[in-house]
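The structure appears right after this line, and notes come after that.
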Amino acid sequence: MQKYQLYIDGAWADPLSGEWMETMNPYTGQAWARIPRAGAADVEAAVEAADQAFTQGEWPGLNATQRGLKLRKFAEILTGEAERLAEIEVRDNGKLHAEVLNQCRYMAQWFHYYGGLADKIEGSAPPIDKPDVLNLTRHEPLGVCACITPWNSPLLLLAWKAAPALAAGNTIVVKPSEYTSASTLEFAALAEQAGIPKGVINVVTGLGEEVGQPLVRHKKVRKIAFTGGETAGARVNTDAAPGFKRVTLELGGKSANIVFEDANLDQAVNGAISGIFAASGQTCIAGSRLLLHESIHDEFLERLVSLAGEARIGDPMSPDTQVGPITTEPQYRKILDYIEIAKNEGARLVLGGGSVPAPEGNQGLFVQPTVFADVTNDMRIAQEEVFGPVLAVLRFTDDEEAIAIANDVNYGLAAGVWTESLRRAIKVSERLEAGTVWVNTYRSTSYTTPFGGYKASGLGRENGMEAIKEYLQTKSVWYYSGGDVANPYTRR
Ligand code: NDP
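Mapping of the sequence shown onto the working numbering: residues -14 to 477, in sequence order.
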């Protein structure tokens, strides 16, 4: 079995705790590697290394162009290694190889984009209303940033954090999910090949409470960029507050995918399926509430159920597979619990509704694509994030009702709108309380455009020009060229 080590200060190290944990292949159900189960002492070493790398040595000595070039070199290496990284990630999280390979290839763009942005972080010279003063602003890095990532897209979501953090001149300590740490350790090895100086990227693996929490609370950590569930997200926010640390939180969602009566139904059926069954629904942007106009409700539901019912369940490495395993056992149990909750609430089960044995005698955990109709928005299945292949279908009569249902939820990560009317698309998308709205498409993200949540779906934004500001602080510098101070006891 493969054995990994921690990556701290440019070196591979066993955990000071002396403890290890096994990482599982969600398809076979077998352990395939050993990962360090680190603790607070390892976190201390990693933060110390990151702090040293931030304050002295090669990294702060690079100018912004040189820093950007290193990130772009890293992007090239990542592109060359995309296939290998994708295989490791599929082995660890069970997501479809086709999707993970796309993600691993695409992630290099974050390092190209933010590498290019590194030397375009410009201050300003505000016109000051006082004589003999030159005022300049500078945007400076924060210091050590913690990047805490989940199991559903470990590398892509790390790229969303690491690329802007490093482009801004910070150093990072990464804490990947205990279930999917291997690809992040491989990523760190590639950063070394790109010539990113030691201590700039550090990886500490282990549990949320044993590694994540001491990392968030560490006094030298100035910023936490977190993706995960709302319970852990709230904990991170609370733990960061006494130190007045910056926090970016990308949390869950219960996104409405709204199909109006004038939609192209073929496209919308595909959009609804990609919204909930891709990645077995284990995605924060899942369109887990499907809102159907009453006039197309029955026909749409029939088409959706017929298509989703044909989904091929199987080995995530196979190009023919459409629905892969559930990544973790707690997640599997949670999904099955929600299916029972929905049944008990009176939702009408029209597809799936249970587990399926893993094909080929494997031990992986699979859940059938599941659809509940006749869901009302007060049901838990309409309000709470399942993070699995479980769709709640609701009915609406007009645009006002669709908007009201879509917004009547704690979350606000994303929404989909299916209509051929430009007027309706504009009006509805303006009124939806969601950080991303897709019109006649679903589940697209890019390095160029901001991503983040309204309401309980999070704080701050990742991606796009805006995201770099999450890793910078502004300093205003006053240069005085006048004579003596007339009265030192009054404010200028
Ligand atoms: P978590 O939110 O618990 O985990 C996300 C990351 O945070 C992991 O690396 C985890 O470590 C770490 N973490 C956990 N607790 C703390 C803490 N107190 N301080 C710092 N870091 C911490 O997700 P789960 O894997 O437990 O999934 C639970 C639910 O979260 C899912 O059912 C789903 O609803 C949602 N989720 C949302 C995601 C999204 O993309 N928005 C992604 C994944 C899950 P570790 O797990 O290793 O202990």
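Using N, Cα and C, we set each Cβ at its ideal position, and we do this for glycine too.
These numbers were taken from a predicted model, which means no experiment stands behind them.
- For Gln(-13), the closest alpha carbon among the candidates Pro21, Leu350, Ala264 is that of Pro21.
- By the Cβ criterion, the stretch 74 to 90 is not in contact with the stretch 115 to 127, since fewer than three pairs of Cβ atoms, one from each stretch, lie closer than 8 Å.
- Taking 4 residues as the minimum length, the alpha helix (DSSP H) runs contained wholly in the stretch 80 to 146 are 82 to 91, 93 to 102, in order along the chain.
- Phe172 and Leu63 have their alpha carbons spaced roughly 8 Å apart.
- Inside the stretch 207 to 236, DSSP marks whole alpha helix (DSSP H) runs of 4 or more residues at positions 215 to 225, from first to last along the chain.
- In this structure, Val201 has its beta carbon less than 6 Å from a heavy atom of the ligand NDP.
- Per DSSP, the unbroken alpha helix (DSSP H) holding Met450 starts and ends at 449 to 453.
- The three-state secondary structure of Ala35, taken from DSSP, is helix.
- In this structure, Ala358 lies near Val378, with their beta-carbon atoms less than 7 Å apart.
- Asp383 counts as exposed, since fewer than 16 other beta carbons sit within 10 angstroms of its beta carbon.
- Lys205 is a Cβ neighbour of Val32, given a cutoff of 7 Å.
- For Ile157, the closest alpha carbon among the candidates Thr421, Thr313, Ala35, Arg19 is that of Ala35.
- Within the DSSP bridge table, the entry for Arg416 names no partner.
- Annotation for Thr8: the continuous beta strand (DSSP E) segment containing it runs 5 to 10.
- Around Tyr(-11), the same chain offers Ala18, Arg19, Ile20, Pro21, Ser166, Ala167, Leu170, Thr190 as residues with beta carbons nearer than 8 Å, after the five sequence neighbours per side are excluded.
- In this structure, Asn395 sits away from Ala452, with a CB-CB distance that is not shorter than 7 Å.
- Per the Cβ contact rule, the stretch 244 to 262 is not in contact with the stretch 214 to 227 (fewer than 3 Cβ pairs under 8 Å).
- Rounded to whole angstroms, Thr268 and Gly373 show a C-alpha spacing of 8 Å.
- For Leu143, the distance from the CB to the nearest heavy atom of the ligand NDP is not below 6 Å.
- Val118 and Ala110 have their C-alpha atoms roughly 11 Å apart.
- DSSP lists Glu235 as the bridge partner or partners of Gly443.
- Under the three-state reduction of DSSP output, Ile320 falls in the helix class.
- The Cβ atoms of Val290 and Leu336 lie closer than 7 Å to each other.
- According to DSSP, Gln458 shares a beta bridge with Glu125.
- Beta-bridge analysis with DSSP links Thr355 to Val375.
- It is roughly 14 Å from the alpha-carbon of Pro473 to the alpha-carbon of Tyr465.
- Comparing alpha carbon positions, the residue from Gly154, Met6, Leu350, Tyr(-8) closest to Leu54 is Gly154.
- Under the DSSP definition of a beta bridge, Pro21 partners with Trp5.
- A distance below 7 Å separates the beta carbons of Tyr439 and Ala419.
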